[in-house]
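Add 501 to the 1-based position in the sequence shown for this note's numbering, that's all there is to it.
Below is one structure; the comments refer to it alone.
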Amino acid sequence: MSGLISWSDGPVQAWLNHKTQPHETTKHRRARSSRQQCMAFSLVGMRKTLTQAESATKRITRALAVIYLLSGTIECNAKDKIDGKIEYPNIVFVLADDLGWSELGCYGNTFHETPNLDRLSREGIRFTDAYAAAPVCSPYRAALLTGQHPARIGILDYLRADSSKALETSHITLPEVLHQHGYATALIGKWHLSGYSYHGSKREIRPKDHGFSWDFGTEVKSVGNGANFWPYVFRNQPIRWIDIPNNRLGKEEYLTDRLNIEAVDFVTKHRHKPFFLLLSHYAPHTILNGRPDLVEKYRAKHPPGTSTRNRCYLCEDAGLGTGDANHHWAGNHNPHLAAMLESIDHGVGMLMKRLRELGLHQNTIFIFTSDNGGETNVTSNAPFRGGKSELYEGGIRIPLIIRWPQSIPAGVVCNQPTQNTDFYPTLLAAGKIRLPRELVLDGVCTLETWLNPTQNISRDFLAWHYPLKRPHFLGGVSAGAIRSGSWKLIEHFDTRRLLLYSLDDDPGETNNLADSKPAIASKLHQKLIDWRSSMGVFP
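Rendered as structure tokens:
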């Protein structure tokens, strides 16, 4: 593949070339009153949360909140109609799985080919200091949908297949609010916010329970990483772990490609009303399996050399046999990761192209990011230390690109720290959608920074809470962290060791300054303790 958009001849070629008439958009109403919106949202986070023991009260509060939202819809419609059309922005949110900060061309990677994401960066804002609220997937996803920190929600680690935990329906989620305001809402791809009844979980909660009016390709029996080709059989068992009953791309259908065309299909079908699309890719989570043609392309581009192992341990762990010894390895030239990323990038290009054809690109907020850092067994997160499961920068700093042509500048790099809890209040503020005052948010509205990237985000610090009963199999330990300005403190819960780093001078976190800067370390540690207390959690 080459260029910004390419697609080989196949069963969906004619469909992809189909053109439809655009609907009108207005260019000037998005930026107006953004400061007032952000101020209103900043008050929301001052409300106290309800405890899990108050579930009955929560349900009543939630029902009243929905009534509030419906009444708010009438008010917003009256204000925002122009020539009979609601001016809510469309939202396309593309989420990669385990994609590190340095994997994209626009972030300096010279091996991976990401022309569409690079173009998205040129046409929007690229954030250098965007963070995941946790170093693993389920907590990130819970925080994204609720605007609350994983510590407050209680989902602190990835959810196992038989987990009794789930994102409870007492939460008023972002797609639910958007749906109440007339949005078509869709989740395409990975869910991973509950256990699965197939594995004995009694708490299986599905996307439609949280405001997604349509979902496709979500896992139904567990997250079967590595089963990337039709018929999507989980490992070597005759179990279809993902509910895709037929193929559209032939017998060699590749999962990322299929999710991409379903996303374009959704946008096309819902072009006459505002829509929220969460395209949640399973790629490039291990087990890595790229399309063979793309894998060979990257093997030829940079031969991997000879592995020191005699088997691929990831394939072995997945029950796929000993595998190719060169299948997975750490470094900057992994052909499977590169191939999987190119498939994601191609889908971004397909969506950008279709939005432009439909005349929707000006008033569509297009977001690309990842749920946590890359896995160091298969890639390098340099210049950062660590990776997935760790609170070093390599585990929590993520790529983030946002494009909204009618309202935010193009080709800008923003250095303001932001966390994925911020999307909830910011996206609603962008649509001038108010929230019930009872709702607790930990994220802050960053709309002012979107509109003017030199505008500072109003927050004192970012914090993380990642308690583990045992070390993560990827190397992470039970820990908490806080970043304030350029200073970052990590606390290891088991040893009580404090690690202090100046990220401006030491982004690789190699020089622990806790002993030489005790006053700074003590101040940050106390802030972290106080924050945990406000969340109701402890080491």
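Glycine residues also receive a C-beta, built at the ideal position from the N, C-alpha and C atoms.
Enclosing beta strand (DSSP E) for residue i [first to last residue]
{"i": "residue 914", "result": "913-915"}
{"i": "residue 631", "result": "626-632"}
{"i": "residue 993", "result": "988-993"}
{"i": "residue 964", "result": "963-967"}
{"i": "residue 867", "result": "865-871"}
Three-state secondary structure (DSSP) of residue i
{"i": "residue 654", "result": "helix"}
{"i": "residue 716", "result": "strand"}
{"i": "residue 1032", "result": "helix"}
{"i": "residue 801", "result": "helix"}
{"i": "residue 900", "result": "strand"}
{"i": "residue 594", "result": "strand"}
{"i": "residue 694", "result": "coil"}
{"i": "residue 981", "result": "strand"}
{"i": "residue 599", "result": "coil"}
{"i": "residue 622", "result": "helix"}
{"i": "residue 767", "result": "helix"}
{"i": "residue 759", "result": "helix"}
{"i": "residue 974", "result": "coil"}
{"i": "residue 678", "result": "helix"}
{"i": "residue 845", "result": "helix"}
{"i": "residue 734", "result": "strand"}
{"i": "residue 711", "result": "helix"}
{"i": "residue 617", "result": "helix"}
{"i": "residue 606", "result": "helix"}
{"i": "residue 895", "result": "helix"}
{"i": "residue 789", "result": "coil"}
{"i": "residue 951", "result": "helix"}
{"i": "residue 854", "result": "helix"}
{"i": "residue 784", "result": "coil"}
{"i": "residue 884", "result": "coil"}
{"i": "residue 862", "result": "coil"}
{"i": "residue 910", "result": "coil"}
{"i": "residue 839", "result": "helix"}
{"i": "residue 879", "result": "coil"}
{"i": "residue 795", "result": "helix"}
Residue i - partner residues in DSSP beta bridges
{"i": "residue 1023", "result": "According to DSSP, which records beta bridges pairwise, residue 1023 is partnered with nothing at all."}
{"i": "residue 686", "result": "777"}
{"i": "residue 890", "result": "Partner(s): none; residue 890 has no beta bridge."}
{"i": "residue 919", "result": "631"}
{"i": "residue 1044", "result": "Given that the chain is displayed from residue 502 to residue 1040, the structure contains no residue 1044 and the question cannot be resolved."}
{"i": "residue 673", "result": "Partner(s): none; residue 673 has no beta bridge."}
{"i": "residue 743", "result": "720"}
Assumed close pair residue i, residue j - CB separation to whole angstroms, cut-off 8 Å
{"i": "residue 779", "j": "residue 596", "result": "7 Å"}
{"i": "residue 947", "j": "residue 919", "result": "6 Å"}
{"i": "residue 643", "j": "residue 694", "result": "6 Å"}
{"i": "residue 968", "j": "residue 657", "result": "6 Å"}
{"i": "residue 667", "j": "residue 651", "result": "Not confirmed; about 14 Å, so no contact."}
{"i": "residue 710", "j": "residue 647", "result": "Going by Cβ atoms, the distance from residue 710 to residue 647 rounds to 13 Å, so no, they are not a contact pair."}
{"i": "residue 929", "j": "residue 940", "result": "Incorrect: roughly 10 Å between the Cβ atoms, too far for contact."}
{"i": "residue 768", "j": "residue 892", "result": "Not really, about 36 Å apart at Cβ, beyond 8 Å."}
{"i": "residue 760", "j": "residue 718", "result": "5 Å"}
{"i": "residue 908", "j": "residue 973", "result": "Between residue 973 and residue 908 the Cβ distance is about 40 Å, and since that is not below 8 Å, they are no contact."}
Closer than 8 Å to chain C by CB, residue i
{"i": "residue 624", "result": "No chain C is present in this structure, which holds just one protein chain."}
Element boundaries [alpha helix (DSSP H), containing residue i]
{"i": "residue 780", "result": "Note, residue 780: premise wrong, no alpha helix (DSSP H); beta strand (DSSP E) at 776-781."}
{"i": "residue 1001", "result": "Per DSSP, residue 1001 belongs to no alpha helix (DSSP H); it is in the beta strand (DSSP E), 998-1003."}
{"i": "residue 638", "result": "638-647"}
{"i": "residue 931", "result": "924-931"}
Cβ neighbours of residue i in the same chain (closer than 7 Å, five flanking residues each side left out)
{"i": "residue 713", "result": "676, 686, 687 and 688"}
{"i": "residue 755", "result": "729, 730, 792 and 844"}
{"i": "residue 1022", "result": "990, 999, 1001 and 1015"}
{"i": "residue 956", "result": "949 and 950"}
{"i": "residue 984", "result": "918, 962 and 963"}
{"i": "residue 748", "result": "731 and 754"}
Close-in-space but distant-in-sequence residues of the same chain around residue i (CB under 6 Å, 5 per side omitted)
{"i": "residue 867", "result": "593 and 904"}
{"i": "residue 888", "result": "874, 875, 876, 877, 882, 895 and 896"}
{"i": "residue 915", "result": "626, 628 and 954"}
{"i": "residue 1032", "result": "964"}
{"i": "residue 716", "result": "688 and 708"}
{"i": "residue 744", "result": "721"}
{"i": "residue 927", "result": "946, 947 and 948"}
{"i": "residue 706", "result": "667 and 695"}
{"i": "residue 605", "result": "615, 618 and 900"}
{"i": "residue 846", "result": "615, 617 and 618"}
{"i": "residue 979", "result": "968, 969, 994 and 995"}
Cut-off 8 Å between Cβ atoms - residues of its own chain near residue i, not counting five sequence neighbours on either side
{"i": "residue 639", "result": "656, 658, 659, 660, 693 and 694"}
{"i": "residue 612", "result": "799, 802, 803, 833, 834 and 839"}
{"i": "residue 884", "result": "603, 1008 and 1009"}
{"i": "residue 624", "result": "904, 906, 911 and 912"}
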